[in-house]
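Reviewing the structure listed below.
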Amino acid sequence: MKVLIIGEGAREHALSEALANSSEGYRVFALSSYINPGIRDSVIRTGGEYILGNINSREEVRSAINKVNPDFGVVGPEDPLFHGAADEFRLNGIPVVGPGVKGAEIERSKVWMRHLMWKYKIDGRLRYRSFSSLEEASKFLMEYGGSVAVKPAEQVGGKGVKVVADIQAYLSKEKRRALSKSVDEIGSLVRNDIKIIIEERVDGPEYTLHVLTDGHTYLPLPLAQDYKHAYQDGIGPETGGMGSISGPKNLLPFITQEEYEKTLGIIQETAKAIESETGEKYRGFISGQMMLTDLWGPTVIEFYSRLGDPETSAIIPRVTSDFGHILQLAAEEKLSKAKLEVRDEPSIVRAVAPLGYPLRRDLASGKILELDLNALREKGCKVYFGSVAYEGGRLITKGSRSLEVVALGNFDEISRTIDQCINMISANTELVYRTDIGRRLSEQIEKAEIVRYSYVNRAKNSSLGSSADWSPNGGLW
Ligand code: GLY
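Per the UniProt record's numbering: the sequence shown ends with 477, consecutive numbering throughout.
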């Protein structure tokens, strides 16, 4: 059977490898904008083909489908989903893992997501208000004294991070004049009239639950936690993720089984609400990027319409069942036949990027990486290739997180193992990574215990989700 995977990052490397390793004997074909060395390996050893093209162009996805004529497809990143890559497969009668444009709206538009959660009264929802201009948002913030989070109303790719920083700077009065250029930029990035969403601010440990669904069955993966900030101890700009952890078992050290099940319920209800709202079954991954808060316990920060990256690199190596075959079952709406087995032992992933990432991607591009995969494997590490291209036999960085280094075992031990593995990687530039990922977990356990005490008490008083600060009028006030 032939499978066509769309995407080019570490998540797609992990997915393509799961497909290539499947006992079903798939031939792996890929459409990417550059040659990812890991995906290339899956393609070569299964006798597939690597197609270079624009993954965000529906026409190029269609042309890759016509060329390969796959038995099923897997769409990895969000942007191709927003542009209709999964719809393109289905229009051609080919089963695929990934929601259509309508379903992917749950990730693309934060306003739609929040509206849906309020309309269907799904637990874990935050109060919000949306604005069509920075001026309006600014006026509201000046009048309102409570604690809020300001975000772009839509998913705007890597630029979102900068936009948030710009909005925050803009909203501090003295910087407004200097930032008028940024205001124009926000306007051009966000497609609709609603540009900004302001949500009530919550605090607590974050975690992600990825759920695979074919519209009938919901298969939850083990929890993962993403470390978003660029620098050690969670400071610096937000990135796509500088590392992640998963486990032990299906949980994380600071999330209980009950919280895991509650989170799964929220995600299932959301997928069903999407179906009621759009008239289309949600098929693919739907992932709750959650926070354990004193307001609700499990609380939705955002949804992904796909697997998170680098969360995928922490999860897939822990799966002992045939994950490639599970993807086929999901695409073909036979997910009820799937059985997911996972190792008990946890994993840690650390992303490695060239100096310059995330603020000066120009400096982080075009650098040469050198690593010996066998030596790293012997040391106990697996490597997924991310923003790095195979060019002329060399590994050339593309400006973002180049590698994701993974190890499985006891958290303390594997932290040390990954330190040693990263020291075995060389480049013609300095490499940046966080060494605190998977360390000091007791701090997160303590934080979770504090919020758990509060939300359990709220539950006893039937006051989950209620807030004195905010009007209870359907999320808008
Ligand atoms: N790790 C966050 C994301 O995948 O968007």
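C-beta: ideal position from N, C-alpha, C; glycine also.
If you scan the segment 68-140 from start to end, which runs of the beta strand (DSSP E) of 3 or more residues do you find wholly inside it?
-> Runs of the beta strand (DSSP E) inside the segment 68-140: 72-75, 128-131.
Determine the burial state of I44: buried for a count of at least 16 other Cβ atoms within 10 Å of its Cβ, exposed for fewer.
-> Burial call: exposed.
Look at the Cβ atom of K121, then the Cβ atom of D71, and state whether they are nearer than 8 Å.
-> Cβ distance not < 8 Å, so K121 and D71 don't count as in contact.
Alpha helix (DSSP H) containing E311: first to last residue?
-> For E311, the uninterrupted alpha helix (DSSP H) run begins and ends at 311-315, by DSSP.
Does the beta-carbon of Q257 have 16 or more other beta-carbons within 10 angstroms, so that it is buried, or is it exposed?
-> Burial call: exposed.
Cut-off 8 Å between Cβ atoms - residues of its own chain near P55, not counting five sequence neighbours on either side | Checking the displayed sequence, the identity of residue 55 turns out to be Ile instead of Pro. Around I55, the same chain offers I6, G7, E8, L31, S32, S33, V61, P77, D79, P80, A85 as residues with beta carbons nearer than 8 Å, after the five sequence neighbours per side are excluded.
Report buried or exposed for A338, applying the criterion of at least 16 other Cβ atoms within 10 angstroms of its Cβ.
-> Residue environment for A338: buried (at least 16 other C-beta atoms within 10 angstroms of its C-beta).
I418 vs R350 beta-carbon contact at 8 Å | Yes, these two residues count as a Cβ contact at 8 Å.
Of the choices G48, C381, V342, G236, whose alpha-carbon is the least far from that of G247?
-> If we check each option's Cα against that of G247, V342 comes out closest.
Neighbourhood of E302 by C-beta distance below 6 Å, restricted to the same chain and skipping five residues each side = So the list reads Q289, once near-sequence residues are dropped.
Cβ distance (whole Å) where P298 is taken to contact T263 below 8 Å = Confirmed, about 4 Å.
Is the number of C-beta pairs between the segment 210-224 and the segment 459-467 that are closer than 8 Å three or more?
-> Judged by Cβ distances under 8 Å, the segment 210-224 makes no contact with the segment 459-467, as fewer than three pairs qualify.
For D233, which three-state DSSP category applies?
-> Under the three-state reduction of DSSP, D233 is assigned to helix.
Work out the CA separation of R125 and Q155 for me, nearest whole Å.
-> Distance between the alpha carbons of Q155 and R125 is about 18 Å.
Near S415, which residues of its chain fall below 7 Å by C-beta distance, leaving aside the five closest residues on each side in sequence?
-> Same-chain partners within the cutoff: I348, G438, R439.
Taking the alpha carbon of K151 as the point to measure from, which residue in L371, F140, S130 has its own alpha carbon closest?
-> Checked all of L371, F140, S130; the closest Cα to K151 is S130.
Per DSSP, cross-strand counterpart(s) of I5 | DSSP, once it has assigned bridges, lists A30, V74 as partnering I5.
Quick one: measure Cβ to Cβ for P358 and A10, integer angstroms, because I've assumed they're closer than 8 Å.
-> Their Cβ separation, rounded to whole angstroms, is 16 Å, which puts P358 and A10 out of contact at 8 Å.
In this structure, does DSSP put E275 in helix, strand or coil?
-> Correct three-state label for E275: helix.
Just tell me which of G98, Y260, H325 has its CA closest to the CA of K281.
-> The residue with the shortest Cα to Cα distance from K281 is G98.
Where the beta strand (DSSP E) containing R11 begins and where it ends = Following the DSSP letters along the chain, one finds R11 in no beta strand (DSSP E) but inside the alpha helix (DSSP H) bounded by residues 10-20.
Segment limits, beta strand (DSSP E) that includes R40 = From DSSP, R40 is part of no beta strand (DSSP E) but of the alpha helix (DSSP H) over 37-46.
Test item, CB below 5 Å from any non-hydrogen atom of the ligand GLY | With the cut-off at 5 Å, the residues found are D226, G241, G308, D309.
Which class does T208 belong to by DSSP, given the choice of helix, strand or coil?
-> DSSP places T208 in strand when its eight states are reduced to three.
Where do the N-terminal and C-terminal ends of the beta strand (DSSP E) with K151 fall, by residue?
-> Note, K151: beta strand (DSSP E), 148-152.
Helix, strand or coil at D203 [DSSP, three-state] | Secondary structure of D203 (DSSP, three-state): coil.
Label S442 either buried or exposed according to how many other C-beta atoms from any shown protein chain fall within 10 Å of its C-beta, with 16 as the threshold for buried.
-> Exposed is the call here.
Does the Cβ of L376 have 16 or more other Cβ atoms within 10 Å, making it buried, or fewer, making it exposed?
-> Buried.
Just list the alpha helix (DSSP H) runs in the segment 363-389, keeping only unbroken ones of 4 residues or longer that don't cross its boundaries, in chain order.
-> As summarised for the segment 363-389, the continuous alpha helix (DSSP H) elements at least 4 residues long and confined to that stretch are 373-379, given in chain order.
Do you know whose CA, among E200, E370, G279, D233, lies nearest G215's CA?
-> Closest option to G215, Cα to Cα, is G279.
Would you report the Cα separation of I65 and E59, rounded to the nearest angstrom?
-> The straight-line gap separating the alpha-carbon atoms of I65 and E59 is approximately 10 Å.
Beta carbon of V383, beta carbon of L369: below 8 Å?
-> The answer is no: Cβ separation not under 8 Å.
Terminal residues of the alpha helix (DSSP H) in which Q444 lies = Element bounds for Q444: 441-460.
Taking DSSP as the reference, what is the three-state secondary structure of R361?
-> Helix.
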